[in-house]
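Report on one structure; see the data block that follows.
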Amino acid sequence: MIDHEIKIAFKEYHSLEELDKQDKDLCLEAVKALHQSHSPYSKFRVGAAMQLQSGKIIYGSNQENVAYPSGLCAERVALFHWGANHSDDPVITMAVTAHTHEFTITKPITPCGSCLQVLAEYEKKQGDKIKIILYCQDGPIWVTHGIESFLPFVFFEDRLALTV
Ligand code: THU
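Put into structure tokens, the structure is as follows:
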């Protein structure tokens, strides 16, 4: 028997002022994306902004539906928009933030498992990691690099291939 241990690393910042200008601006773009959230059921708005290599910024926000499972998280709205429209322009950074009038959010919102799996797919597709900034407006900011910070055992399709 062998005991293995996997460590993940992330950085924590206490204010936007500690980030470089591009990352700070992207967090503010994620806040802007909150306005397009359609979340009448949870009343929990989530906004995402993605900085592409060309400098272009694209957006996503959670889109809910009266038939609940038909809704989609902000991260996947942004990622699928990228996949459908900008996949030749690599994603460098994604900033995510959330807001609700129901309570104060004091910890960063972390992407759900389905969003992480989609993130894994597109990192693989573009051949490069994506920096993820989890911007909590009333708490710390967490910054990670790449899907493996979240899912060290993520399923990639190369596991489907026979290896010798
Ligand atoms: N949500 C996101 O958009 N992203 C996350 O990372 C977590 C959850 C959305 C889904 C749903 O519209 C609402 O937040 C409450 O779960």
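Just so we're aligned, residue 26 is where the sequence shown starts under this note's numbering, counting upward by one.
Beta carbons: idealized from backbone N, C-alpha and C, even for Gly.
Computed from a predicted model, the values in this text were never measured in an experiment.
- In the structure shown, Tyr66 adopts coil according to DSSP, grouped into three states.
- As the crow flies, the alpha-carbon of Leu159 is around 12 Å from that of Ser40.
- Under the DSSP assignment, Val168 falls in the beta strand (DSSP E) whose first and last residues are 166-170.
- When C-alpha distances from Glu100 are compared across Ser79, Met75, Asp153, Lys32, the shortest belongs to Met75.
- A straight line joining the alpha-carbon of Met26 with that of Phe175 spans about 26 Å.
- Secondary structure of Gln142 (DSSP, three-state): helix.
- In the structure shown, Gln88 adopts extended strand secondary structure according to DSSP, grouped into three states.
- By the beta-carbon neighbour count (other beta carbons within 10 angstroms, threshold 16), Leu53 is exposed.
- In this chain, the beta strand (DSSP E) harbouring Lys156 covers 156-160.
- The C-beta distance from Ile155 to Leu144 rounds to 7 Å, short enough to meet the 8 Å contact threshold.
- Exposed is the label assigned to Ser112, since fewer than 16 other Cβ atoms lie within 10 Å of its Cβ.
- Residue side-chain check: Cys140 places its Cβ nearer than 7 Å to a non-hydrogen atom of ligand 1.
- Closer than 7 Å to some heavy atom of ligand 1: that describes the Cβ of Gly96.
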